[in-house]
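Novice: Input: one structure, supplied below.
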């Protein structure tokens, strides 16, 4: 079984083009999961918002708007 550390090491070893390809695949897979499940579960959405509220982010209206727009864009792909 592959460990998280092994997966992280593999991702870090990717060339830039491979990393971008992986990110593209992950976004498409996320949209597939959203389509299958009908959207993000409310508890996951709440956890994501809470995770952003920390010293590493400036939690302001601009960031909230960007996040909400991203969610709307993904929801449009699912609809």
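Residue numbers (our numbering): -5 to 73.
For glycine and all other residues, C-beta sits at the position ideal for the given N, C-alpha and C.
(1) Look up residue 15 in the DSSP assignment and say whether it is helix, strand or coil.
(2) What three-state label does DSSP hand residue 37 in the structure shown?
(3) Note down the Cα distance separating residue 6 from residue 12, rounded to an integer number of angstroms.
(4) What's the C-alpha gap between residue 30 and residue 23?
(5) State the DSSP-derived secondary structure class of residue 64, mapped to helix, strand or coil.
Specialist: Well, looking at it:
(1) Within the chain shown, residue 15 is the residue found at index 21, counting from 1. Annotated three-state conformation of residue 15 is helix, per DSSP.
(2) Residue 37 sits at position 43 when you count from the first residue of the chain shown. Note: residue 37 maps to helix in three-state DSSP.
(3) In the chain shown, residue 6 corresponds to position 12, counting from 1. In the chain shown, residue 12 corresponds to position 18, counting from 1. C-alpha of residue 6 to C-alpha of residue 12: approximately 10 angstroms in a straight line.
(4) For the purposes of this step, residue 30 is taken as the residue at position 36 of the chain shown. For the purposes of this step, residue 23 is taken as the residue at position 29 of the chain shown. One C-alpha to the other measures close to 10 angstroms.
(5) Within the chain shown, residue 64 is the residue found at index 70, counting from 1. Under the three-state reduction of DSSP output, residue 64 falls in the helix class.
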